[in-house]
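Below: one structure, written as structure tokens.
Protein chains: 2
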Amino acid sequence: MSGFQRYKKILDLFSEERSSWTVLEISKSLKTPSSTIYRIVREMVTAEFLESASGSYFRLGPAFIKFNRIIKFSDPLVRAGQPFLKKLANENPITSVNVLARLYGNNVMCVADYKSPSFKKNTSYQRGKLMPLIYGATSRAIIMQITGKRLEDLINLENFKSDEDKKNFLKDLKSDRKKGYCFTEGQVDKGLIGFAVSISNKKLGIEASLSSIFNLDDFLLEHEPIIYANLTTYGLLVEKYINEIFEDIQKYHHETNSIR
Amino acid sequence: MSGFQRYKKILDLFSEERSSWTVLEISKSLKTPSSTIYRIVREMVTAEFLESASGSYFRLGPAFIKFNRIIKFSDPLVRAGQPFLKKLANENPITSVNVLARLYGNNVMCVADYKSPSFKKNTSYQRGKLMPLIYGATSRAIIMQITGKRLEDLINLENFKSDEDKKNFLKDLKSDRKKGYCFTEGQVDKGLIGFAVSISNKKLGIEASLSSIFNLDDFLLEHEPIIYANLTTYGLLVEKYINEIFEDIQKYHHETNSIR
DNA sequence: GTAAAATTCTCATTTTATAAGAAATTCTAG
DNA sequence: CTAGAATTTCTTATAAAATGAGAATTTTAC
Chain D
121 MSGFQRYKKI LDLFSEERSS WTVLEISKSL KTPSSTIYRI VREMVTAEFL ESASGSYFRL
181 GPAFIKFNRI IKFSDPLVRA GQPFLKKLAN ENPITSVNVL ARLYGNNVMC VADYKSPSFK
241 KNTSYQRGKL MPLIYGATSR AIIMQITGKR LEDLINLENF KSDEDKKNFL KDLKSDRKKG
301 YCFTEGQVDK GLIGFAVSIS NKKLGIEASL SSIFNLDDFL LEHEPIIYAN LTTYGLLVEK
361 YINEIFEDIQ KYHHETNSIR
Chain F
121 MSGFQRYKKI LDLFSEERSS WTVLEISKSL KTPSSTIYRI VREMVTAEFL ESASGSYFRL
181 GPAFIKFNRI IKFSDPLVRA GQPFLKKLAN ENPITSVNVL ARLYGNNVMC VADYKSPSFK
241 KNTSYQRGKL MPLIYGATSR AIIMQITGKR LEDLINLENF KSDEDKKNFL KDLKSDRKKG
301 YCFTEGQVDK GLIGFAVSIS NKKLGIEASL SSIFNLDDFL LEHEPIIYAN LTTYGLLVEK
361 YINEIFEDIQ KYHHETNSIR
């Protein structure tokens, strides 16, 4: 355990299900002497990445809330896409959850979401949540823009039920790429269906998707063209705004650099 | 520069105004050789605390979104208070911004906010934003629950305009403590007024506040008792829920510990 | 008030980080 | 496609920092 990993391993213990740990628990879990963990935890408390709670428990610190905010207000994808999610929800013919998601390591992470107020069911798509790479339209619209060795590497890390499954997945990917959008049914949450389009910006290294999720029960075939049209329109709009934000950033850096 | 500080110093460069940096810029800014920064940045990219953007720029990584989510769904204060903010907004006699805030080092940080849809002005109170310790009702309701040496230490770090100012501040603090709530006018945002009550839980180490912010123009004296009653009621309710969450956590840890 | 638990401290030893420059890779403009 | 520039990684001896066992101290709980 060295470098940043030393700290990361501790942070990775914290989850929604288990959000507070004592030093002794951490020490056992990482098989590291408690005197060492005490020192590291103290450092992280100073930096506000951890904070002490009651008992002798520690939990994630407010630094995450602060940096999350900075991302929310400066990340080009979130900045460009967030404002459109509500509009998309309002224009969809039936009640929906609308999601911006992107690649995060070997998973897909939701970075912004808007649920119509009338949408009842809980979905797995909420900001900050990791999603499987190979299930759901949201994820598929992201990987369908990746090709070659990179795609191969990503796919090889996944556990397909069978070789048959893998073949089908790759075939679907191809046809979705041609169609320009994805559709899946119940792959992530039962009773829900998803439509998605790709969002990308090479210069900014953005590989993402915009998706709308509906209750299967609400859905009629006649809705499909409207859903598709909405996603396509807003998808392009988001890409356009990402570009504008990119140019702003460039201009800003140019200015700050020339001043120096 | 050693330990976690090594990493923290880099992260602290990133802000809403300046959200992407090249290695060379970081290197200059921290007066550290670029070969060192390259290594550190690479580590942080692997851990997803940074990510590479276009050009040779780096920005904050998705790890913050992930951990922020875990906090949002597990932090007792946020979990207990978040659901009441909207209710509070709806029961207030005039349009409002409603905020949960807590101590964060030597500042106050907003950890949850709900703005009535009809509230026009932008306020400084948004989740993740740091606020001054000595201005605004939101902050005052937090420090008014701190006493003795701890209070002294906190206050001594602040720059008061004059000794007179400091005296007045301490006097106001005393009288607010007696009244049980705070009121300030235009200390943070011009044209806005704030009311706040304390939220605390010793066992969980929570020193926080619940506040409602209004447009001065909308406000009539007859609103005051209603505002005060709402804040007090919801403040107590939030504290009650924090307590319940605390007991849940205790039970959970008791179970998981006895299993082992 | 006291025993147990939590936390900090000490220090010899091991491990890791540092930084200068070389080497390799990636980008860019023609 | 290619040369040159910019970016990034690698190599290395040396300096610096982390480790962990156990003692010492502080805090907590009853």
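Chains as they are written, first to last, in this note's numbering: chain D, 121 to 380; chain F, 121 to 380. From the three backbone atoms N, C-alpha and C, an ideal C-beta is built for every residue, glycine too. Values in this document were obtained by computation on a predicted structure and should not be read as measured data.
Within the DSSP bridge table, the entry for K299/D names no partner. Proximity of Q246/D to chain F, defined by a Cβ-Cβ separation below 9 Å, is satisfied. Residues of the segment 124-153 of chain D with a C-beta atom less than 8 Å from some C-beta of chain F are F124, Q125, Y127, K128, L131, F134, S135, E136, R138, S139, S140, listed in chain order. Beyond the five residues adjoining it in sequence on each side, L312/D comes within less than 6 Å, by CB distance, of I333 in the same chain, given in chain order. K240/F sits in coil when the DSSP states are folded into three classes, being neither helix nor strand.
The DSSP-derived three-state label of N212/D is coil.
DSSP places E163/D within a helical segment (H, G or I) once states are collapsed to three. With contacts defined by Cβ atoms closer than 9 Å, G248/D and V228/D do not form a contacting pair. Neighbours of R189/D in chain F, taken as residues at a C-beta separation under 8 Å, are given in chain order as E136, Q246, R247, G248, K249. Here S140/D is buried: its Cβ has 16 or more other Cβ atoms, across all protein chains shown, within 10 Å. At least 9 Å separates the beta-carbon of L208/F from that of I319/F. Between the beta-carbon of F169/F and that of L131/F there is about 7 Å, and that keeps the pair under the 8 Å contact cut.
At a cut-off of 9 Å, the C-beta of F315/F has no neighbouring C-beta in chain D. For S172/D, the nearest beta carbon of chain F is closer than 9 Å to its own beta carbon. For the pair of segments examined, the segment 185-193 of chain F was found to touch the segment 183-198 of chain D: the number of CB pairs separated by less than 8 Å reaches three. If you look at I130/F, you'll find it in the alpha helix (DSSP H) that goes 125-131. With contacts defined as CB atoms closer than 9 Å, R222/F and E364/F fail to qualify as a contacting pair.
For the C-beta of E168/F, the chain D residues within less than 7 Å are, from N- to C-terminus, Y224, G225.
Ranked by how close their Cα comes to the Cα of S149/F, the residues R159/F, I263/F, D292/F, F134/F have F134/F in first place. Taking a C-beta distance under 9 Å as the contact criterion, C302/F and A261/F qualify as a contact pair. For R270/D, no CB of chain F lies under 9 Å from its own CB, so it is not counted at the interface with that chain. Distance between K299/D and M264/D, taken at the CA atoms: about 11 Å. With respect to the 9 Å criterion, G175/D and T258/D are not classified as neighbours on the basis of their beta carbons. About 25 Å separates the beta carbon of L205/D from that of N226/D, a gap too long to meet the 8 Å contact definition. Residue contact check for M164/F against chain D: a CB pair falls below 9 Å.
For L341/D, no beta strand (DSSP E) run applies, since DSSP gives it neither H nor E. Within 9 Å of the CB of M229/F, the CB atoms of chain D belong to P182, I185, K186, in sequence order along the chain.
For N335/D and S122/F, the gap between their C-alpha atoms comes out near 52 Å. A check of alpha carbon separations from T152/D across S216/D, R126/D, P182/D identifies R126/D as the nearest. Contact of D195/D with chain F is assigned, a C-beta pair being separated by under 9 Å. Taking C-beta separations shorter than 6 Å and ignoring five residues to either side along the sequence, the partners of T304/F in its chain run G256, A257, G314, following chain order.
A Cβ of chain F is located within less than 9 Å of the beta carbon of L324/D. L312/D is bridged by DSSP to N335/D.
Across the structure, F289/F and F339/F are spaced so that their CA atoms are roughly 24 Å apart.
Taking a Cβ-Cβ threshold of 7 Å, the residues of chain F close to I369/D are S140, in chain order.
Taken atom to atom, the span from the alpha-carbon of D337/F to that of D233/F is near 21 Å.
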